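As you go down the protein sequences, you meet chains A and B in turn.
In terms of our numbering, the first sequence opens at residue 14 and continues consecutively.
In terms of our numbering, the second sequence opens at residue 67 and continues consecutively.
Virtual Cβ for every residue (Gly too), placed ideally from N, Cα, C.
On a predicted model such as this, the values are computed, not experimentally measured, just so you know.
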Amino acid sequence: MRGLKKILLYTLLTGAAITFIYPFFWMIMASLSPEADISSLVLFPSKLTFSNYSTMVSKIPIGRALFNSLFVSSINTGLSLIFSSMVGYALSRMEFKGRNLIFMIIIFTMTLPFQITLIPNYIIMVKLNWVDTYLSLTVPFLINTFAILMFRQAFKSLPQALIDAARIDGCGELRIIFFILWPNIKPTIITVGILAFMGSWNEVLWPLIVIREEQFMTLPQLVTLFVVGGRAESQLGVKLASAVFLAAPIIIAYLFFQKHFIQSMASTGLKD
Amino acid sequence: MMSNTRKKIMPYVMVSPYLVHLLVFTTFPVIFSLILTFHKWNIIGPMEWVEFGNWKRLFYDRLFWISILNTFKFLSIHIPLQIIIALALAEFLNQNIRLKGFFRAAFFMPVVVSGVVVTILWQQLFSFENGVLNRFLVSLGFGKVGWLIDPDIAMVSIAVMATWKNLGLYVILFLVGLQTVPKQYYEAADLDGASHWQKFIKITVPMINPTMFMVVILSTIGGFSLFIEPYIMTGGGPLNSTLSAVLYIYKQAFQYYHMGYSATLGVFFAFLIVLVVIVQKRYIEKDI
C-alpha cells in the first residue's frame, strides 16, 4: 500500500514536471527545425537548422532590442535599489515629521490599480516629450514601493550599534547605507534586485504605449510586434525563434540562480 | 559632526525621490484621470468638456460590459483551477520525497519567463490544424478542439495557459504555508485515527487560510490586468470572446485616441477591482 502510494505520487509529480518542461523543449526544437517539420514535430526535428534565427536577425533589429532591454533593466534595477534604500532607511532609522504619514501613503498607493494611472501617465510622457526616448522607459520605474517596504523592513532588523559606531567614525548617512548597512542585508538586495530586473525585463504593456520607433523598442515589445504585426509572415519557426531569443537570457539566469529566483518571487506574497 | 539644520533636512532629502515620484506619477495622474472623465480629448486638439457624456456612454457601451464579463469569466476559471492544482502539487511536494528541488524548479520555470514567450508558445500548442494538443487528441482518437477559434472555448484556453504560467509561484507560496502548520496537530489527529484526506480538509485547509487569501488576492489582481495574452493570441476575438477590460481600454486609447473615454473606463475598472478585493477580503480572510 505505502509503495503503491509512493509510485502514484512520483507518477503525478513527473507528469506535472513534463507538462511544464516539454512545451519549452518543443519550442526550442521547433525554432531549430525546418518550417515543414514543425507541424509534425514531437521530439527532435529531422535536421537541425539555424535558418529561422538568421531570418529573424535579417528582419528585425533584435540585437539593438536586446541592448535596449539590458540597458533599461540595468538602469531601473540599479537606481531603484539606490533610491529605495534611501527612502527605506529614512523611514526606518530616522526621526522626522511626516514619517508615519509617508508610510501610510505608501501602503495606500500600493492598493491603487495601475489601470487608473495608465492613460494620464502616457499623457505625461507625451507632454514631457519623452515618447520614443529611454526616459519614458526608466524614470517612471525608478521608485518601487514594494522595494521601499522591503528595505525598510531589512534596515529595521539591524542593530542600532552598527549605525552609532559608523556615526562616531564620522560617516555620513549615505555612506552608512551603502557601505556599512548594505553588506549586512545582501539577501534583501538580491531579492529586490531580481524582482526589479525581472519586472523591467518582462514589462510589455508600457513600452507598447510609449515607444513607437524601432530603435528604442525593448525585446519583449519588438518580439510582440514582430509576431502580431505580420512581419513574421506566419512562419512559425521564425516566431518561435524570436520567443526563444527573448526567453533565453532569463532562463539562463534562472538555471544559475534558481534558488534566489524562487525565494525572491515567493517573498512578493509573504509581504503584509 | 553634522550641523543641526543639516541633520533635520537630511531625512527629507532622502525621501524626496519618493515624494517627487508620488506627485508626478501617482497623485497627479489620479486627479488628472478624474478630470479627464468629464472631457473628450484626442491628445492633439484642445480638451472638450462633455459633462457626464463619457459616463453615460460607458453604461451603454456593450463592448465594455462584454470585456468586463470576459475578464470575470477568465478569473472564475483561472483562480479555482490555480488553487486546486497548486495546492495539490504543494501537498505532494510536502511529502517525504526525492528530487524535491528538481520538481519545484520545473514548476517554477514559466513564472520567470515573459508572458510574451508563453503566449507565442501556447499559440502554437493551441493551433487548430497542427498544434501539439490537437495532434495528441487525434492520436487518442478524439476530434480536434478549436482552442482559440471557438468563441465558447477561447477564454477557457487563455485561462488554462495563464494557470500554467503562474502555477509555480503559487505552489511555492502554498508550500511555505504548509510548512507553518504545527506538526502536533497532525500527530493529535493520527491518535484519533484520522485519514490523510480528513487531516487535509480539517487541519491543513483552515490553517493555511492566510496563504489561500493571499493567493486569491494576487491572482485576482493579476487576472484583472490580463492584456498581453489576448493581444498576441486572438486580438480579442473570436467574436470579442477574449476581449479583456485592459485590452479594451488600450484599444480605446491607442487605436481610437479617445483619451477621455479611455480614462473613464480606467477609473471605473479600478474601482471595480478595489471593490472585488474588498469583498474577497471580507469573505475569505478568517482569523485563526
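{"query": "Beta carbon proximity, T246 (chain B) to chain A, threshold 8 Å", "result": "no"}
{"query": "Residues bridged to W115 (chain B) (per DSSP)", "result": "B:H105"}
{"query": "Interface residues of chain B facing A279 (chain A) [CB-CB closer than 9 Å]", "result": "L235, I238, L239, L241, V242"}
{"query": "Local conformation of E351 (chain B) per DSSP, three classes", "result": "coil"}
{"query": "Contacts that F274 (chain A) makes with chain B (C-beta to C-beta distance below 7 Å)", "result": "V178"}
{"query": "Within chain B, the residues that K252 (chain A) reaches when beta carbons sit closer than 9 Å", "result": "I186, Q189, Q190"}
{"query": "First and last residue of the uninterrupted alpha helix (DSSP H) at N70 (chain B)", "result": "70-88"}
{"query": "Cut-off 6 Å between Cβ atoms - residues of its own chain near S86 (chain A), not counting five sequence neighbours on either side", "result": "F210, S213, W214"}
{"query": "Cross-chain neighbours of T146 (chain A) in chain B, by beta carbon under 7 Å", "result": "In chain order: nothing, as chain B lies at least about 16 Å away."}
{"query": "Proximity test, Cβ basis, 8 Å: L25 (chain A) and chain B", "result": "yes"}
{"query": "Which of helix, strand or coil DSSP assigns to S13 (chain A)", "result": "Because chain A in this structure spans residues 14 to 285, residue 13 (chain A) falls outside the shown range and cannot be described."}
{"query": "Alpha-carbon spacing of Y78 (chain B) relative to S149 (chain A), whole angstroms", "result": "26 Å"}
{"query": "Residues within the region 258-270 of chain A neighbouring chain B, beta-carbon criterion of under 7 Å", "result": "L259, A260, I263, I264, Y267"}
{"query": "Helix, strand or coil at H273 (chain A) according to DSSP, with G and I counted as helix", "result": "helix"}
{"query": "Beta carbon of I238 (chain B) nearer than 8 Å to that of I275 (chain A)", "result": "yes"}
{"query": "Reduced DSSP category for M107 (chain A) - H, G, I as helix; E, B as strand; rest coil", "result": "coil"}
{"query": "Nearest to F130 (chain B) (by Cα), restricted to the options B:I344, B:Y349, B:F335", "result": "B:F335"}
{"query": "Cβ neighbour criterion (16 or more within 10 Å) applied to N439 (chain B)", "result": "The structure shown does not extend to residue 439 (chain B), since chain B spans only 67 to 354, so no value can be given for it."}
{"query": "Opening and closing residue of the alpha helix (DSSP H) in which M69 (chain A) lies", "result": "64-72"}
{"query": "Alpha-carbon to alpha-carbon, V70 (chain A) and K284 (chain A)", "result": "For K284 (chain A), the predicted model reports a pLDDT of 47, less than 50, meaning its position is unreliable and no value from the coordinates is stated."}
{"query": "Cβ-Cβ distance between A266 (chain A) and S180 (chain B) below 8 Å", "result": "no"}
{"query": "Three-state secondary structure assigned by DSSP to S149 (chain A)", "result": "helix"}
{"query": "Best match in B:I143, B:H144, B:A319 for proximity to L331 (chain B) [C-alpha to C-alpha]", "result": "B:A319"}
{"query": "Residues of the region 319-344 of chain B with Cβ closer than 8 Å to any Cβ of chain A, in chain order", "result": "A319, F320, M325, S328, A329, G332, V333, F335, A336, I339, V340, V343"}
{"query": "Given I224 (chain B) as reference, the closest of B:H324, B:K139, B:I134, B:R123 once Cα atoms are compared", "result": "B:K139"}
{"query": "Same chain, Cβ closer than 6 Å to F84 (chain A), neighbours up to 5 away in sequence not counted", "result": "none"}
{"query": "Beta-carbon proximity list for A78 (chain A), same chain, < 7 Å, skipping 5 on both sides", "result": "M230, T231, L232, L235"}
{"query": "Closer than 7 Å at the beta carbon, the chain B residues around Y102 (chain A)", "result": "M80"}
{"query": "The alpha helix (DSSP H) enclosing Y236 (chain B), as first and last residue numbers", "result": "220-245"}
{"query": "Closest by C-alpha distance to L277 (chain A), when choosing among A:L175, A:V257, A:P200, A:A103", "result": "It should be pointed out that residue 277 (chain A) corresponds to Ser in this sequence rather than to Leu. Comparing Cα positions, the closest option is A:P200."}
{"query": "Per-residue burial, P153 (chain A) [other beta carbons within 10 Å of its own, 16 or more giving buried]", "result": "buried"}
{"query": "Nonlocal neighbours in the same chain, by C-beta distance under 8 Å from G197 (chain B), ignoring five residues either side", "result": "Q190, L191, W213"}
{"query": "Min CB distance M99 (chain A) to chain B below 8 Å", "result": "yes"}
{"query": "Close beta carbons around I224 (chain A), own chain, < 8 Å, minus the five adjacent residues each side", "result": "V144, D145, S149, L150, M230, T231, Q234"}
{"query": "Short CB-CB distance (under 8 Å) between W39 (chain A) and chain B", "result": "yes"}
{"query": "Residue of A:I95, A:F96, A:L94, A:I115 minimising C-alpha distance to L104 (chain A)", "result": "A:I115"}
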